[in-house]
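Residue numbers (our numbering): 7 to 254. For glycine and all other residues, C-beta sits at the position ideal for the given N, C-alpha and C.
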(Lines of atoms letter the chains of each structure in order from A; the text may use other names.)
(Lines give C-alpha, C1' and ligand atoms only; values in the text may rest on other atoms or scores of the structure.)
Protein backbone atom coordinates (compact mmCIF):
# COMPACT_ATOMS: atom_id res chain seq x y z
CA UNK A 7 0.00 0.00 0.00
CA UNK A 8 1.31 3.43 -0.86
CA UNK A 9 2.21 5.42 2.21
CA UNK A 10 0.21 8.57 2.81
CA UNK A 11 2.27 11.73 2.94
CA UNK A 12 1.64 13.91 5.98
CA UNK A 13 2.57 17.51 5.23
CA UNK A 14 4.76 19.29 4.98
CA UNK A 15 2.85 22.50 5.74
CA UNK A 16 4.91 25.37 7.11
CA UNK A 17 2.03 26.63 9.25
CA UNK A 18 1.95 23.21 10.89
CA UNK A 19 5.61 22.26 11.01
CA UNK A 20 6.64 25.59 12.49
CA UNK A 21 4.29 25.13 15.42
CA UNK A 22 5.40 21.57 16.03
CA UNK A 23 9.08 22.49 16.00
CA UNK A 24 8.56 25.28 18.52
CA UNK A 25 6.27 23.51 20.98
CA UNK A 26 5.73 20.05 22.43
CA UNK A 27 6.43 17.82 19.45
CA UNK A 28 4.55 14.75 20.66
CA UNK A 29 1.40 16.60 21.73
CA UNK A 30 1.22 18.76 18.62
CA UNK A 31 1.84 15.85 16.26
CA UNK A 32 -0.74 13.76 18.12
CA UNK A 33 -3.33 16.54 17.75
CA UNK A 34 -2.42 17.08 14.10
CA UNK A 35 -2.71 13.44 13.05
CA UNK A 36 -5.85 12.89 15.12
CA UNK A 37 -7.59 15.84 13.44
CA UNK A 38 -6.68 14.51 10.02
CA UNK A 39 -7.92 11.03 10.87
CA UNK A 40 -11.23 12.27 12.28
CA UNK A 41 -11.82 14.53 9.28
CA UNK A 42 -10.96 11.57 6.97
CA UNK A 43 -8.12 13.53 5.39
CA UNK A 44 -6.22 10.41 6.43
CA UNK A 45 -8.48 7.59 5.29
CA UNK A 46 -8.92 4.27 7.10
CA UNK A 47 -6.03 2.01 6.14
CA UNK A 48 -3.62 4.82 5.21
CA UNK A 49 -0.03 3.92 6.12
CA UNK A 50 2.26 6.21 8.10
CA UNK A 51 6.03 6.21 8.44
CA UNK A 52 7.93 7.34 11.54
CA UNK A 53 11.01 8.50 9.66
CA UNK A 54 9.01 10.49 7.13
CA UNK A 55 6.93 12.13 9.86
CA UNK A 56 10.03 13.06 11.84
CA UNK A 57 11.65 14.61 8.78
CA UNK A 58 8.56 16.49 7.66
CA UNK A 59 7.91 18.03 11.05
CA UNK A 60 11.50 18.60 12.08
CA UNK A 61 11.37 16.47 15.23
CA UNK A 62 13.08 13.28 16.38
CA UNK A 63 11.54 9.85 15.98
CA UNK A 64 10.93 9.50 19.73
CA UNK A 65 8.03 12.00 19.95
CA UNK A 66 6.68 10.61 16.67
CA UNK A 67 6.62 7.12 18.16
CA UNK A 68 5.01 8.44 21.36
CA UNK A 69 2.30 10.20 19.34
CA UNK A 70 1.56 7.05 17.35
CA UNK A 71 1.38 4.94 20.51
CA UNK A 72 -1.10 7.38 22.01
CA UNK A 73 -3.18 7.33 18.83
CA UNK A 74 -3.10 3.55 19.00
CA UNK A 75 -4.53 3.68 22.52
CA UNK A 76 -7.36 5.78 21.06
CA UNK A 77 -8.02 3.03 18.49
CA UNK A 78 -7.16 5.46 15.69
CA UNK A 79 -3.83 3.88 14.68
CA UNK A 80 -2.97 0.19 14.35
CA UNK A 81 0.57 -0.79 15.35
CA UNK A 82 1.79 -4.16 14.06
CA UNK A 83 5.36 -5.46 14.56
CA UNK A 84 7.54 -5.16 11.44
CA UNK A 85 4.87 -3.23 9.54
CA UNK A 86 4.17 0.45 9.04
CA UNK A 87 1.57 1.96 11.37
CA UNK A 88 -1.74 2.53 9.62
CA UNK A 89 -4.96 4.38 10.28
CA UNK A 90 -7.46 2.05 11.93
CA UNK A 91 -10.24 0.70 9.78
CA UNK A 92 -13.87 1.42 10.59
CA UNK A 93 -15.80 -1.69 11.62
CA UNK A 94 -19.28 -0.85 10.38
CA UNK A 95 -20.49 -4.39 9.72
CA UNK A 96 -23.14 -3.90 12.40
CA UNK A 97 -24.10 -0.25 12.82
CA UNK A 98 -26.79 -1.32 15.28
CA UNK A 99 -24.22 -2.37 17.88
CA UNK A 100 -22.33 0.90 17.57
CA UNK A 101 -25.58 2.84 17.83
CA UNK A 102 -26.52 1.01 21.04
CA UNK A 103 -23.18 1.78 22.65
CA UNK A 104 -23.07 5.43 21.58
CA UNK A 105 -26.65 6.21 22.57
CA UNK A 106 -26.35 4.57 25.97
CA UNK A 107 -23.02 6.21 26.77
CA UNK A 108 -24.11 9.63 25.49
CA UNK A 109 -27.29 9.49 27.57
CA UNK A 110 -25.38 8.58 30.73
CA UNK A 111 -22.55 11.10 30.46
CA UNK A 112 -24.91 13.94 29.55
CA UNK A 113 -27.26 13.09 32.40
CA UNK A 114 -24.40 12.96 34.87
CA UNK A 115 -22.94 16.17 33.49
CA UNK A 116 -26.23 17.90 34.30
CA UNK A 117 -26.11 16.48 37.82
CA UNK A 118 -22.41 16.87 38.58
CA UNK A 119 -20.93 19.60 36.41
CA UNK A 120 -18.78 22.27 38.03
CA UNK A 121 -18.63 25.91 37.04
CA UNK A 122 -15.38 25.16 35.23
CA UNK A 123 -16.96 22.24 33.38
CA UNK A 124 -19.86 24.42 32.26
CA UNK A 125 -17.51 27.15 31.06
CA UNK A 126 -15.60 24.68 28.87
CA UNK A 127 -18.83 23.18 27.50
CA UNK A 128 -20.08 26.68 26.66
CA UNK A 129 -16.82 27.50 24.89
CA UNK A 130 -16.99 24.31 22.84
CA UNK A 131 -20.64 24.96 21.97
CA UNK A 132 -19.76 28.42 20.68
CA UNK A 133 -16.81 27.05 18.70
CA UNK A 134 -19.04 24.51 16.97
CA UNK A 135 -21.69 27.13 16.20
CA UNK A 136 -19.00 29.25 14.57
CA UNK A 137 -17.58 26.27 12.65
CA UNK A 138 -21.05 25.33 11.41
CA UNK A 139 -21.36 28.72 9.75
CA UNK A 140 -17.91 28.42 8.17
CA UNK A 141 -18.58 24.97 6.74
CA UNK A 142 -15.01 23.68 7.08
CA UNK A 143 -15.30 19.92 7.52
CA UNK A 144 -12.08 19.46 9.48
CA UNK A 145 -12.88 22.27 11.91
CA UNK A 146 -16.46 21.04 12.25
CA UNK A 147 -15.45 17.52 13.16
CA UNK A 148 -12.91 18.67 15.73
CA UNK A 149 -15.32 21.20 17.26
CA UNK A 150 -18.12 18.65 17.44
CA UNK A 151 -15.88 16.11 19.09
CA UNK A 152 -14.54 18.69 21.56
CA UNK A 153 -18.08 19.66 22.57
CA UNK A 154 -19.13 16.11 23.37
CA UNK A 155 -15.78 15.27 24.99
CA UNK A 156 -16.22 18.26 27.33
CA UNK A 157 -19.60 16.86 28.39
CA UNK A 158 -17.96 13.48 28.92
CA UNK A 159 -15.35 15.04 31.20
CA UNK A 160 -18.08 16.84 33.15
CA UNK A 161 -19.88 13.56 33.92
CA UNK A 162 -17.46 12.93 36.76
CA UNK A 163 -16.76 9.29 35.90
CA UNK A 164 -13.42 8.74 34.21
CA UNK A 165 -14.32 5.24 32.99
CA UNK A 166 -17.47 6.32 31.21
CA UNK A 167 -15.69 9.43 29.93
CA UNK A 168 -12.90 7.31 28.43
CA UNK A 169 -15.36 4.89 26.82
CA UNK A 170 -17.37 7.78 25.41
CA UNK A 171 -14.21 9.39 24.08
CA UNK A 172 -13.34 6.27 22.10
CA UNK A 173 -16.88 6.00 20.74
CA UNK A 174 -16.66 9.62 19.61
CA UNK A 175 -13.61 8.82 17.50
CA UNK A 176 -15.50 6.29 15.38
CA UNK A 177 -18.67 8.38 15.49
CA UNK A 178 -16.95 11.44 14.06
CA UNK A 179 -15.43 9.40 11.24
CA UNK A 180 -18.74 7.75 10.40
CA UNK A 181 -20.50 11.11 10.28
CA UNK A 182 -17.64 12.44 8.17
CA UNK A 183 -18.20 9.66 5.64
CA UNK A 184 -21.88 10.56 5.38
CA UNK A 185 -21.07 14.28 5.12
CA UNK A 186 -18.72 13.54 2.24
CA UNK A 187 -21.50 11.99 0.19
CA UNK A 188 -22.79 14.68 -2.13
CA UNK A 189 -25.72 12.54 -3.23
CA UNK A 190 -26.92 11.65 0.25
CA UNK A 191 -25.83 14.93 1.81
CA UNK A 192 -26.26 17.79 -0.72
CA UNK A 193 -25.11 21.28 0.27
CA UNK A 194 -28.59 22.50 1.19
CA UNK A 195 -29.23 19.44 3.34
CA UNK A 196 -25.82 19.76 5.00
CA UNK A 197 -26.46 23.41 5.88
CA UNK A 198 -29.79 22.48 7.46
CA UNK A 199 -28.22 19.57 9.32
CA UNK A 200 -25.42 21.71 10.76
CA UNK A 201 -27.92 24.34 11.90
CA UNK A 202 -30.03 21.62 13.53
CA UNK A 203 -26.99 20.16 15.26
CA UNK A 204 -25.96 23.56 16.61
CA UNK A 205 -29.50 24.10 17.91
CA UNK A 206 -29.48 20.71 19.62
CA UNK A 207 -26.15 21.58 21.23
CA UNK A 208 -27.73 24.78 22.57
CA UNK A 209 -30.57 22.81 24.13
CA UNK A 210 -28.22 20.28 25.70
CA UNK A 211 -26.11 23.04 27.22
CA UNK A 212 -29.22 24.75 28.57
CA UNK A 213 -30.28 21.52 30.30
CA UNK A 214 -26.80 20.99 31.74
CA UNK A 215 -26.64 24.59 32.91
CA UNK A 216 -30.06 24.30 34.59
CA UNK A 217 -29.02 20.94 36.05
CA UNK A 218 -32.02 19.13 34.60
CA UNK A 219 -30.75 15.55 34.12
CA UNK A 220 -33.95 14.08 32.69
CA UNK A 221 -34.16 16.69 29.96
CA UNK A 222 -30.42 16.49 29.30
CA UNK A 223 -30.60 12.71 28.87
CA UNK A 224 -33.57 12.91 26.49
CA UNK A 225 -31.89 15.56 24.37
CA UNK A 226 -28.64 13.57 24.26
CA UNK A 227 -30.47 10.44 23.16
CA UNK A 228 -32.31 12.27 20.38
CA UNK A 229 -29.10 13.97 19.29
CA UNK A 230 -27.26 10.65 18.96
CA UNK A 231 -30.19 9.15 17.05
CA UNK A 232 -30.13 11.96 14.49
CA UNK A 233 -26.42 11.54 13.78
CA UNK A 234 -26.55 7.77 13.50
CA UNK A 235 -29.69 7.95 11.37
CA UNK A 236 -27.80 10.08 8.85
CA UNK A 237 -24.97 7.55 8.75
CA UNK A 238 -27.42 4.66 8.39
CA UNK A 239 -29.16 6.39 5.48
CA UNK A 240 -25.82 6.71 3.72
CA UNK A 241 -24.81 3.11 4.39
CA UNK A 242 -28.21 1.79 3.37
CA UNK A 243 -27.74 3.47 0.00
CA UNK A 244 -24.16 2.35 -0.59
CA UNK A 245 -23.66 -0.91 1.30
CA UNK A 246 -27.13 -2.31 1.86
CA UNK A 247 -26.14 -5.87 0.92
CA UNK A 248 -23.27 -6.13 3.40
CA UNK A 249 -24.13 -3.90 6.36
CA UNK A 250 -26.54 -4.76 9.17
CA UNK A 251 -28.60 -1.59 9.66
CA UNK A 252 -31.16 -2.93 12.10
CA UNK A 253 -31.72 -0.74 15.13
CA UNK A 254 -34.13 -3.01 17.01
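If you ignore the 5 residues before and after residue 152, its C-beta comes within less than 6 Å of the C-beta of 130, all in its own chain and listed in chain order.
Excluding residues up to 5 positions away in sequence, 144 lie with their Cβ nearer than 7 Å to the Cβ of residue 43 in the same chain. The bridge partners DSSP lists for residue 89 are 79. Scanning 45, 158, 201 and 30 for the CA closest to the CA of residue 107 turns up 158. Around the CB of residue 136, fewer than 16 other CB atoms lie within 10 Å, so the residue is classed as exposed.
Counting of Cβ neighbours within 10 angstroms places residue 105 among the buried residues, the total reaching 16 or more.
When the Cα atoms are used, residue 206 and residue 61 turn out to be separated by approximately 41 Å. The closest CA to that of residue 128, considering only 184, 216 and 227, is found on 216. Inter-residue distance for residue 214 and residue 119 is about 8 Å (C-alpha atoms, whole angstroms).
Residue 112 carries a helical assignment under DSSP once its states are collapsed to helix, strand and coil. Relative to the Cα of residue 86, the nearest Cα in the group 103, 47, 59 and 234 belongs to 47. Burial of residue 175 is indicated by the presence of at least 16 other C-beta atoms within 10 angstroms of its C-beta. Ranked by Cα distance from residue 88, the options 97, 39 and 63 are led by 39. Going by C-alpha positions, residue 112 is about 14 Å away from residue 126.
For residue 29, the enclosing alpha helix (DSSP H) has its first and last residue at 27-40.
Residue environment: residue 27 is assigned as buried (16 or more neighbouring CB atoms within 10 Å of its CB, all protein chains considered). Under the three-state reduction of DSSP, residue 177 is assigned to helix. Counting of Cβ neighbours within 10 angstroms places residue 182 among the buried residues, the total reaching 16 or more. Residue range 143-160 is occupied by the alpha helix (DSSP H) that includes residue 151. Counting of Cβ neighbours within 10 angstroms places residue 32 among the buried residues, the total reaching 16 or more. When the beta-carbon positions are compared, residue 222 and residue 116 come within less than 8 Å of each other.
No residue range can be given for residue 217, since it is assigned to no alpha helix (DSSP H) and is classified by DSSP as neither H nor E.
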